DNA sequence: CCGGTCCCTTGATGTTTATCAATTCCGGCT
DNA sequence: AGCCGGAATTGATAAACATCAAGGGACCGG
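Protein chains in written order, with this note's numbering: chain L, 66 to 297; chain S, 66 to 297.
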């Protein structure tokens with residue numbers, strides 16, 4: 066693996082506080098690969114052989130059961146995924162595929178577990194990361210159980226606007242069918258739900274969204290930091 | 066706090082591997098309290114002052130938004146709750162109330178964080194616990210997004226039967242209205258859904274469930290370890 | 001033993017969301 | 001420019017689920 070990437074990865078919260086010798090151990094077994102869009106990276110149920118670190122691009126975590134499929138989350142750089150499966154040495158609960166061209170570092174799970182056992186700093190960093198992941202799933206579950214599909218959509222758009230830096234207009238970043246799956250609805254229903262938000266100041270043209278009147282949309286969405294703030 | 070309880074708590078995975086001096090530190094600031102049923106223990110949004118350890122009884126974790134409320138999970142002994150909020154020193158995402166008379170140990174969050182910073186064994190134990198919690202929420206989310214309400218109910222009953230030791234007949238352990246909330250449906254709908262499972266070998270009388278033909282119920286439920294196995 | 005309360009059930013109805021079947025729209029290719 | 005294929009939309013219909021209103025049954029205190 067090139068040294069410049071070492072530096073990028075070392076800069077992640079997860080690897081920042083660990084002993085240098087341990088970091089070098091991890092990097093010796095690791096490698097980086099670039100994947101084209103729409104490539105399956107791993108399948109739920111598989112043994113968790115590698116911790117994945119997304120360096121650039123984006124990845125969709127999804128899951129299937131009984132012929133149905135749903136998007137669980139989107140991974141954005143720079144962050145890890147399937148950390149919990151790696152720690153517990155258990156099969157993945159979700160499948161992953163690239164959304165766009167992506168650079169991903171793969172670190173053998175066995176080495177992660179070995180270093181984790183001897184490096185307290187690394188263990189603490191993993192705790193912090195896992196606690197954040199846990200809380201973000203809890204938020205997603207509250208979103209699902211407490212809100213209707215329009216409310217979920219409205220709040221999603223508000224969060225997307227924040228991610229985009231608060232611009233009135235911003236790009237969705239992927240297909241609407243995926244957004245529908247993330248929201249737990251069908252593409253047809255999303256289409257109608259978006260139309261339903263027009264009177265609340267939302268204009269959708271293709272994958273470009275414009276929020277003409279954020280206050281009006283917030284009056285409908287009623288965003289709440291205990292559900293919608295991704296940083297806590 | 067009585068010494069016998071020290072022993073019980075020390076036996077938890079979470080506290081098993083830490084240094085004795087650190088454990089004593091934690092216990093000095095801790096105290097145990099017995100609560101009657103239906104008592105609010107904490108409210109979402111509150112600062113996370115104490116890590117809670119449920120010694121006996123059971124606790125409901127729930128959440129509210131915009132006038133609606135939903136049950137997120139049931140805590141059973143012996144385990145901790147609101148660990149992630151404690152670690153991150155952030156407000157609780159869920160509220161908690163006792164379901165039955167419960168003994169709960171309260172350990173100041175600040176001390177948990179302090180010991181966690183200096184005791185690698187404790188940090189590792191927390192990682193294992195958090196990874197388990199994370200995976201259980203992911204499973205719950207898959208359950209919600211991939212299954213209809215009848216399928217969720219059927220799989221819930223199969224898991225409840227396993228928890229009860231595989232007996233044909235077993236107790237639900239709480240009101241049906243709470244089960245409805247856990248499943249994300251209304252009590253009325255649960256009532257009809259239960260009736261709909263009669264042809265599949267389910268008999269419900271009050272809070273007592275009898276599964277006459279597990280194979281038949283499984284044919285409908287299609288349980289999957291990546292959703293329904295709580296141990297992984 | 002009575003009345004009250006709270007939960008559960010049942011029925012009737014309404015809303016939300018999914019499904020199915022056409023189009024229409026759009027980007028990439030030739 | 002013209003064609004192609006996948007995505008998005010639209011309309012019609014059905015299924016899933018919620019709401020409202022009214023009983024019924026268990027528990028509990030007087």
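Here a beta-carbon is modelled for each residue, glycine too, at the ideal position from N, C-alpha and C. What you are looking at is a predicted structure, and each value in this text was computed from that prediction instead of being measured.
Does DSSP put residue 270(S) in a helix, a strand or coil? For the purposes of this step, residue 270(S) is identified with residue 205 of the second chain, where counting begins at 1. Three-state DSSP puts residue 270(S) in a strand.
Indicate whether at least one CB of chain S lies closer than 8 Å to the CB of residue 223(L). If you number the first chain from 1, residue 223(L) lands on position 158. It does not: the Cβ of residue 223(L) has no partner Cβ on chain S nearer than 8 Å.
Let me know if residue 104(S) comes out buried or exposed under the rule of 16 or more other beta-carbons within 10 Å of its beta-carbon. Here the question's residue 104(S) lines up with position 39 in the second chain. Classification for residue 104(S): exposed.
Neighbourhood of residue 160(L) by C-beta distance below 6 Å, restricted to the same chain and skipping five residues each side: For this step, residue 160(L) is matched to residue 95 along the first chain. The beta carbon of residue 160(L) sits closer than 6 Å to those of 108, 109 and 127, all from its chain and outside the five residues before and after it, given in chain order.
Just list the residues that DSSP pairs residue 234(S) with in beta bridges. The residue labelled residue 234(S) in the question sits at position 169 within the second chain. Looking at the DSSP assignment, residue 234(S) forms a beta bridge with 275(S).
Buried or exposed for residue 204(S), please, with buried defined as at least 16 other CB atoms from any protein chain shown within 10 angstroms of its CB. By one-based count along the second chain, residue 204(S) stands at place 139. Buried, by the Cβ-count rule.
Since residue 151(S) contacts residue 177(S) with CB under 8 Å, what's their CB separation in whole angstroms? Taking the second chain and counting its residues from 1, the one referred to as residue 151(S) is at position 86. Taking the second chain and counting its residues from 1, the one referred to as residue 177(S) is at position 112. Separation of the CB atoms of residue 151(S) and residue 177(S) is rounded to 5 Å, and the pair is thereby assigned contact status at 8 Å.
Chain S contacts made by the stretch 114-148 of chain L, where a contact means CB separation under 7 Å: Of all residues in the stretch 114-148 of chain L, only 128, 130, 131, 133, 135 and 137 come within less than 7 Å of chain S when Cβ atoms are compared, listed by chain position.
Using the beta-carbon count (16 or more within 10 Å), is residue 96(S) buried or exposed? Position 31 of the second chain, counted from the start, is the residue given in the question as residue 96(S). With fewer than 16 other Cβ atoms from the protein chains shown falling within 10 Å of its own Cβ, residue 96(S) counts as exposed.
Less than 8 Å separating the beta-carbons of residue 171(S) and residue 125(S)? As a position in the second chain, residue 171(S) is number 106, starting the count at 1. As a position in the second chain, residue 125(S) is number 60, starting the count at 1. One thing to note: residue 171(S) has its Cβ no nearer than 8 Å to the Cβ of residue 125(S).
From the DSSP output, read off the bridge partner residues of residue 10(L). Residue numbering for chain L in the displayed model covers 66 to 297; residue 10(L) lies beyond these limits and cannot be assessed.
From residue 272(L) to residue 200(S), what does the alpha carbon distance come to, in whole angstroms? Taking the first chain and counting its residues from 1, the one referred to as residue 272(L) is at position 207. Taking the second chain and counting its residues from 1, the one referred to as residue 200(S) is at position 135. C-alpha of residue 272(L) to C-alpha of residue 200(S): approximately 32 Å in a straight line.
Tell me, please, which residues DSSP counts as bridged to residue 126(L). Here residue 126(L) refers to the residue found at position 61 when the first chain is read from its first residue. Note: residue 126(L) is bridge-paired with 138(L) and 161(L) in the DSSP secondary-structure output.
Mind checking residue 257(L): buried by the 16 CB within 10 Å criterion, or exposed? If you number the first chain from 1, residue 257(L) lands on position 192. By the Cβ neighbour-count rule, residue 257(L) is exposed, with fewer than 16 other Cβ atoms within 10 Å of its own.
Between residue 173(L) and residue 106(L), what straight-line distance do the alpha-carbon atoms span, to the nearest angstrom? Here residue 173(L) refers to the residue found at position 108 of the first chain. Here residue 106(L) refers to the residue found at position 41 of the first chain. Residue 173(L) and residue 106(L): Cα-Cα distance of roughly 15 Å.
From 241(S), 296(S) and 292(S), pick the residue whose C-alpha is nearest to that of residue 131(L); which is it? Here residue 131(L) corresponds to residue number 66 of the first chain, with the count starting at 1. Among 241(S), 296(S) and 292(S), the Cα nearest to that of residue 131(L) belongs to 292(S).
Counting C-beta neighbours from all protein chains within 10 Å, is the total for residue 113(L) 16 or more, i.e. buried, or is it exposed? Stepping through the first chain from its first residue, residue 113(L) is reached at position 48. Buried is the call here.
CA-CA distance, residue 221(L) and residue 158(S)? Taking the first residue of the first chain as 1, we reach residue 221(L) at position 156. Taking the first residue of the second chain as 1, we reach residue 158(S) at position 93. If you take the alpha carbons of residue 221(L) and residue 158(S), they lie about 19 Å apart.
For residue 97(S), the three-state DSSP class (helix, strand or coil): For the purposes of this step, residue 97(S) is taken as residue 32 along the second chain, with counting starting at 1. Under the three-state reduction of DSSP output, residue 97(S) falls in the strand class.
In the DSSP assignment, the beta strand (DSSP E) including residue 111(S) goes from what residue to what residue? The residue labelled residue 111(S) in the question sits at position 46 within the second chain. Segment: none, residue 111(S) is in no beta strand (DSSP E) and carries neither H nor E.
Output, in sequence order along the chain, the residues in the stretch 147-176 of chain S whose CB is closer than 8 Å to any CB in chain L. If you check each beta-carbon in the stretch 147-176 of chain S against every beta-carbon of chain L, the ones closer than 8 Å belong to 148, 149, 150, 152, 153, 155, 156, 158 and 159.
Assign residue 105(S) to one of three DSSP states: helix, strand, or coil. Position 40 of the second chain holds residue 105(S). Secondary structure at residue 105(S): strand, using DSSP grouped into helix, strand and coil.
Beta-ladder partner(s) of residue 144(L), from DSSP: On the first chain, residue 144(L) is found 79 positions in, with the first residue counted as 1. DSSP output for residue 144(L) lists 119(L) as bridge partner(s).
In this structure, how does DSSP classify residue 215(L) when only helix, strand and coil are distinguished? By 1-based counting over the first chain, the position of residue 215(L) is 150. Note: residue 215(L) maps to helix in three-state DSSP.
Counting only beta-carbon atoms, is residue 181(S) nearer than 8 Å to chain L? On the second chain, residue 181(S) is found 116 positions in, with the first residue counted as 1. Under the 8 Å criterion on CB atoms, residue 181(S) is classed as interfacial with respect to chain L.
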